[in-house]
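Per the UniProt record's numbering: the sequence shown = residues 1 to 685. Worksheet: one structure, shown below.
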Amino acid sequence: MLWFWTLPIIAVLIGIIIVQELSRRRFQSERLGLLQSEQQLQLIWDHLPDSILEILQDGTIIKSNRPSEYFDGELLVGHKIGECLAPEQQSVFLNSLSRAIETLTPQSYQLELIGGQGKRVTLSNQLVPIVRATKLASLLVISRDITELTNAQNVLKQQTKFAEDASTAKSRFLASMSHEIRTPMNGLLGMVSLLEGTEMTSEQQGYLRTISHSSEHLLAIVNDVLDLSKIEANKLTLNVVPFDLNDMALRVIEIVSPKAREKSLAIQLFFEDGVPSHVVGDPTRIRQVLMNLLTNAIKFTDEGHVLLRVVLVRQVENDATLRFSVEDSGIGISADKAVLLFEEYSFAHGAISANQGGTGLGLNICQRLANLMGGKIGVVSSPGIGSCFWMDITLPVAAIEVENSLTTTLLTTKNSYDIWVADALAINRALVVSVVRKMGFRVRQFENIESLIAELSRHQPHVLVISSALYRKANFDSVRRAVREHGGRIAMTADNGFFEGSDRLSKQGMDASWEWPIGQEEVKRILLRLLDKTRPVSDIITRFNHEESENKSALEGINILLAEDNPVNQKVVTQILRHLGCEVAVVAHGGEVLRYLEHTRPDIILMDCHMPVMDGVEATAAIRANPEIRDIPIIALSADAMEEQRQLCEDVGMDGYLTKPVRLHDMKQALQAFSQPLTKHFRKG
């Protein structure tokens, strides 16, 4: 019986011994693992690039990973960390310590200490709480030496400030030089524009064109340098307003067309289907890009054509992405050189560019302006074939549409009119054909007079559009009789500057005329007036005759007070205003403006910004402070093209801004904006 119980007891004891041995071995293994982990952690602790202190809540140092350049952590164990900090540094540390204890979250702060040999050391510090069982046990102070980084940042700041100061000084210098150049240029270009309206011999007209083109070239160089300076200084801003897209593009074409005529180039403007008539954007900057691209195209094209095309790429809700492309049949450029075109001071055409003149900044500025407007610009070109420069920008569509009652009446009878166009130049024919097809009428085109005469023997058009070049080659009497016998009407188009007066056109049996280039809307209006049977046949329609009378009647008799101290500018602006039918009074400074207003109230004040005695800004402030005269519109005249000057004029209460040199068209537009009803030119659309 005893042996019966002895064997189980022995087995249990053996089991207990085995379990104890296993536990002992596991404990030793875990202890060894913990020891190894502790050794690894200590190795990491000792070799971290950052200095680490463990401190209690009162700031007493209980552990340090290694001595540092700025203090010996081992010697400080048992001391409070604040004892090695200057009083101002203690405050920074204690504030961070309080926040870490209160929130139990890491806190960052920065200290500057004096290290060995008096070296100033900048430390970036992290104060990390160590929490055990929801209670704060201690904190780690992790410090990293960022002295080199801080010094590098300080040097960078100094260099940046130096560069900004230099850029500002350059901008001020350029603005001053621009003002000094623009003042005499205003007199020069103003007198040229007035002379163009007088009778001169062809030789004198040639001299005048040379003066005008040379002056415009000088002004373009000034504008390029000034714009580049403003872009580099980040001071170029956009003036976003609603504007007539067709009118803007047509004005650009009109400005460059004289240069195209001198080289016997055909120049044309095409708006493809779907392009909105009015958009919201900065017309000045878009015009500047197009002017540069068109000028370059004319410069590097010796024969053929230059074409400005506007295409609707896509429209998402109210935002239209438009492509403006300038196509030419010029010398072209290889792909390897095309990539360099948009760099500063780039002359991809080499010696040709040097001979033609320019700063080499134009295309670079175009690219920067396109980027500023949220768009992009590029080029496709082939040597000997031509080039196509394009710019894509997205613009909101303006809710402005003009309905013409005559258009509505005539377009209800679609396909009841036949329009023929006879012109040797394909791009001229294409524009008229495009307009007629959009109107829904039938259209035929002829590139020579023989095919036109042959067709007239079988059919007759309601309107014949014929170029002056073909007219001069033909016995036009037979053509005129054939068209007239069936009640048709005839429009002559002028090319390369060939243009007839209304009396001569009437004697030649013409009903209308226009000079290329011309916009599609203008062609449409002229064709519609020709189809209007209520108009007398003797009334010659031109592109300008109805517009000029309307514009002059709108400005006729308006009283303008001109404040300008420069005698030449006084004369130029006065002649421009009188040409527009305005009554003008002239004073020389702001004090005389205020005295004039004591007894006379003008409709509009043209105010030069820089005048002796009292400048335009001070005079405007005084006017706006007087309730009796504060509502008189004031348009600034300034030779300062910097944005700061424009902003100053707006802030003081001026209503518009004209940059010298002032041109007839710009003056007319500015004054019309402030005739009935008065509107703020500075207002954003």
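The beta-carbon is built from N, C-alpha and C at its ideal position, and this holds for glycine as well. For clarity, every value in this text was computed on a predicted model and none was experimentally measured.
*Quick one: residues in its chain with C-beta nearer than 7 Å to the C-beta of N559, no 5 flanking neighbours on either side, listed in chain order?*
Start at 1 with the first residue of the sequence shown, and residue 559 comes out as number 559. Shown here for N559: same chain residues with a beta carbon closer than 7 Å to its own, the five before and five after excluded, namely E583, P602 and D603 in chain order.
*Rounded to the nearest angstrom, how far is the Cβ of S193 from that of L664, given a contact under 8 Å?*
Translated into the one-based positions of the sequence shown, residue 193 becomes position 193. Translated into the one-based positions of the sequence shown, residue 664 becomes position 664. So it is a contact: roughly 5 Å between Cβ atoms.
*Which term fits G78, buried or exposed, when burial requires 16 or more other beta carbons within 10 angstroms of its beta carbon?*
Taking the first residue of the sequence shown as 1, we reach residue 78 at position 78. Residue environment analysis places G78 among the exposed positions, since fewer than 16 neighbouring C-beta atoms fall within 10 angstroms of its C-beta.
*Which residue from G488, F389, N186 and F173 puts its Cα closest to that of L363?*
Start at 1 with the first residue of the sequence shown, and residue 363 comes out as number 363. Residue F389 is the option with its Cα nearest to L363.
*Starting from the Cα of V568, find the closest Cα among L32, A422, G190 and G384 and give me that residue.*
Walking along the sequence shown from the start, residue 568 turns up at place 568. Considering only alpha carbons, the answer is G190.
*Drop a sphere of 10 angstroms on the beta-carbon of R182, count the other beta-carbons inside from all chains shown, and report buried for 16 or more, exposed for fewer.*
Stepping through the sequence shown from its first residue, residue 182 is reached at position 182. The residue in question, R182, is buried, as its Cβ has 16 or more Cβ neighbours within 10 Å.
*Would DSSP call E548 helix, strand or coil?*
The residue you call residue 548 lines up with position 548 of the sequence shown. Note that E548 has pLDDT 47, beneath the 50 cutoff, so the model's placement of it is unreliable and no number is given.
*K299 burial status per 10 Å Cβ neighbour count (16 or more: buried)*: Sequence index remark: in the sequence shown, residue 299 carries index 299 (1-based). Burial call: buried.
*How many Å lie between V436 and F270 at the Cα?*
For the purposes of this step, residue 436 is identified with residue 436 of the sequence shown, where counting begins at 1. For the purposes of this step, residue 270 is identified with residue 270 of the sequence shown, where counting begins at 1. Rounded to whole angstroms, V436 to F270 spans 13 Å at the Cα level.
*Do V279 and A398 have their C-beta atoms closer together than 9 Å?*
Here the question's residue 279 lines up with position 279 in the sequence shown. Here the question's residue 398 lines up with position 398 in the sequence shown. Yes, the pair counts as a contact, with Cβ atoms nearer than the cut-off.
*Express the C-alpha separation of M654 and Q647 in angstroms, rounding to a whole number.*
Position 647 of the sequence shown holds residue 647. Position 654 of the sequence shown holds residue 654. Approximately 10 Å between the Cα atoms of the pair.
*Compute the Euclidean distance between the alpha carbons of L577 and Q570, then round it to the nearest angstrom.*
Counting from one through the sequence shown, the residue named residue 577 turns up at place 577. Counting from one through the sequence shown, the residue named residue 570 turns up at place 570. Distance between the alpha carbons of L577 and Q570: 11 Å.
*Residues that DSSP places opposite H486 in a beta bridge*: Your numbering for residue 486 matches position 486 in the sequence shown. BP columns for H486 are empty, so no partner.
*Return helix, strand or coil for L111, following the three-state DSSP convention.*
As a working mapping, residue 111 is identified with position 111 in the sequence shown. L111 falls in the strand class under three-state DSSP.
*Comparing alpha-carbon positions, which option in Q460, K259 and L464 lies nearest E485?*
The sequence position of residue 485 within the sequence shown is 485, counting from 1. Looking at the Cα atoms, Q460 is the closest of the given residues.
*Can you tell which of I253, T659 and R261 has the C-alpha that lies nearest to the C-alpha of N223?*
Counted from its first residue, the sequence shown places residue 223 at position 223. Measuring from the Cα of N223, the nearest candidate turns out to be T659.
*Nonlocal neighbours in the same chain, by C-beta distance under 6 Å from I267, ignoring five residues either side*: Counting from one through the sequence shown, the residue named residue 267 turns up at place 267. Around I267: S257, A260, V306 and P517.
*Put S382 into one of helix, strand or coil per three-state DSSP.*
In the sequence shown, counting from the first residue as 1, residue 382 sits at position 382. Three-state DSSP puts S382 in a strand.
_C-alpha gap between F243 and A424, whole angstroms_ = Here residue 243 is taken as the residue at index 243 of the sequence shown, counted from 1. Here residue 424 is taken as the residue at index 424 of the sequence shown, counted from 1. Whole-angstrom Cα-Cα distance: 34 Å.
*From the DSSP output, in three-state form, read off L580 for me.*
Sequence index remark: in the sequence shown, residue 580 carries index 580 (1-based). Coil, per DSSP.
*To the nearest whole angstrom, what separates the beta carbons of I81 and L53, a pair I think is in contact under 8 Å?*
Reading the sequence shown from its first residue, position 81 is the one you call residue 81. Reading the sequence shown from its first residue, position 53 is the one you call residue 53. At roughly 7 Å, the Cβ-Cβ gap stays under 8 Å, so I81 and L53 are in contact.
*Would you mind giving the Cβ-Cβ distance between G59 and L111, rounded to the nearest angstrom? I have them listed as a contact below 8 Å.*
Translated into the one-based positions of the sequence shown, residue 59 becomes position 59. Translated into the one-based positions of the sequence shown, residue 111 becomes position 111. With a Cβ gap of about 14 Å, G59 and L111 do not count as contacting.
*Near M85, which residues of its chain fall below 8 Å by C-beta distance, leaving aside the five closest residues on each side in sequence?*
For the purposes of this step, residue 85 is taken as residue 85 along the sequence shown, with counting starting at 1. Rather than Met, the amino acid found at residue 85 in this sequence is Leu. Same-chain partners within the cutoff: F93, L111 and L113.
_Endpoints, alpha helix (DSSP H) assigned at A639_ = As a first step, residue 639 must be located in the sequence shown, where it is residue number 639. That residue, A639, is in no alpha helix (DSSP H); it is neither H nor E in DSSP.
*Going by Cα to Cα distance, which pick from I526, G557 and R132 is closest to V432?*
Sequence index remark: in the sequence shown, residue 432 carries index 432 (1-based). Taking only the C-alpha atoms, the option nearest V432 is I526.
_Comparing C-alpha positions only, which one of I377, E644, L226 and Q205 sits nearest to K170?_
As a first step, residue 170 is located in the sequence shown; it is residue number 170 there, counting from the start. With respect to the C-alpha of K170, the residue from I377, E644, L226 and Q205 having the closest C-alpha is L226.
*asked:* By the three-class DSSP mapping on this structure, what secondary structure does D165 have?
replied: Here residue 165 refers to the residue found at position 165 of the sequence shown. D165 falls in the helix class under three-state DSSP.
*Please report the residue range of the alpha helix (DSSP H) in which A621 lies.*
Translated into positions along the sequence shown, residue 621 becomes position 621. From DSSP, the alpha helix (DSSP H) with A621 extends over G616 to R624.
*Name, in chain order, the residues that DSSP records as bridge partners for L140.*
Sequence index remark: in the sequence shown, residue 140 carries index 140 (1-based). DSSP lists E54 and V128 as the bridge partner or partners of L140.
*CA-to-CA distance, G378 to L293, given in whole angstroms*: For the purposes of this step, residue 293 is taken as the residue at position 293 of the sequence shown. For the purposes of this step, residue 378 is taken as the residue at position 378 of the sequence shown. So the two alpha carbons sit approximately 11 Å from each other.
*Where DSSP assigns a beta bridge to H459, which residues make up the other side?*
Along the sequence shown, one-based indexing puts residue 459 at 459. Within the DSSP secondary-structure output, H459 pairs in no beta bridge.
*Is it buried or exposed for Q204, if we count other Cβ within 10 angstroms and need 16 for buried?*
Here residue 204 refers to the residue found at position 204 when the sequence shown is read from its first residue. Its Cβ having fewer than 16 others within 10 Å, Q204 is exposed.
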